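First up is the structure itself, then whatever we jot down about it.
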Amino acid sequence: MTSYRFAARCARMEAHSHPPSPPGAIRLSGGSAFAPTMPHVVKEAMAAAEEYRTETMQYGPLMGLADLRALLAEQERGQGTDVPPGHILVTNGAKQGIDLICRAFLDPGEPVIVSAPTYVTAVPIFVSNDATFVSIGQDADGLDVDALETTLAARARAGLPVPKLLYDIPDFHNPAGLTLSLERRRRLLDLAARHGFLIVEDQTYRQIRFAGEGLPSLRALDDGTHVIAVNTLSKLLAPGLRVGWVTAPPAILDRLAALKADGGTSPFLQRVAALVLARG
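Numbered according to this note's numbering, the sequence shown spans residues 2 to 281.
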């Protein structure tokens, strides 16, 4: 039998792979769409293939289509964040955004702060980037900021570096279902400013609300320097569109865009998404 010399990361990834589901099982770890709610995009797809053919059949700009970035900026404003289109990078879903952030900031063996538990498919992304984990517990108000502050102080006394990144899902946390309280959002931002780490705010589930009033996002509460937000249309339109985005200062987005090895997110899918968003 041929012996293949795989990289060490493959063995680490194998430990976090998802086994196949038995027939009839519903996998709750992923956010698959409910088929009857999927949008009809025939008109938009036809327009993308005909009217926009010279755009959609070509390589797209690394930052994403200008029209789509403007529409996503409108989405951000609707969520209480004034974000110019130049602060948005289009990605192949939120997970590519997380991967690009890891590649831009983490050297092998460096720690990332995560909640315990954390998003199941984010873990392989961190592992593939050779990250280690600093796990912080949660309670009814979300990430335990007191425990985080204690952990950071203990690391400082031990001469350990401050992690560069903290990853969390403040709204409708997957899998815990928790929402980070307003007080803790403000305290978390204060810790980020004092200790010099960046918060990767996964906003994937933020707009999926059935009742009550939403809290301002970490990005909305921040001064624009301590939070990198990742979002996606997978839960708002359809996962198969594979259109997500990262919101951050241009100095960060330029680094992320340079790391995109896919030649840019599909212009065809971006145009379909833009046309669907434009119709409201």
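Cβ coordinates follow ideal geometry from the N, Cα and C atoms, glycine included.
Quick caveat: nothing in here was measured; it's all calculated off a predicted structure.
- With respect to the 8 Å criterion, Leu234 and Leu222 are not classified as neighbours on the basis of their beta carbons.
- Taken through DSSP and simplified to helix, strand or coil, Asp131 comes out as coil.
- Assignment of Ala230 by DSSP, reduced to helix, strand and coil, places it in the strand class.
- Residues Arg272, Leu276 of the same chain have their beta carbon placed closer than 8 Å to that of Ala48, with the five preceding and five following residues left out of the count.
- Of the candidates Arg188, Arg187, Val244, Val244 places its Cα closest to the Cα of Leu73.
- DSSP places Val113 in the strand class (E or B) of the three-state scheme.
- Nearest in C-alpha terms to Val128, of all of Ser136, Pro109, Ser33, is Pro109.
- At a cut-off of 4 residues, the continuous stretches assigned as alpha helix (DSSP H) that sit fully inside the stretch 179-216 are 183-196.
- DSSP lists Val115 as the bridge partner or partners of Ser136.
- In the DSSP assignment, Asp169 forms a beta bridge with Glu202.
- Shown here, Ile27 sits in coil according to DSSP, grouped into three states, outside any helix or strand.
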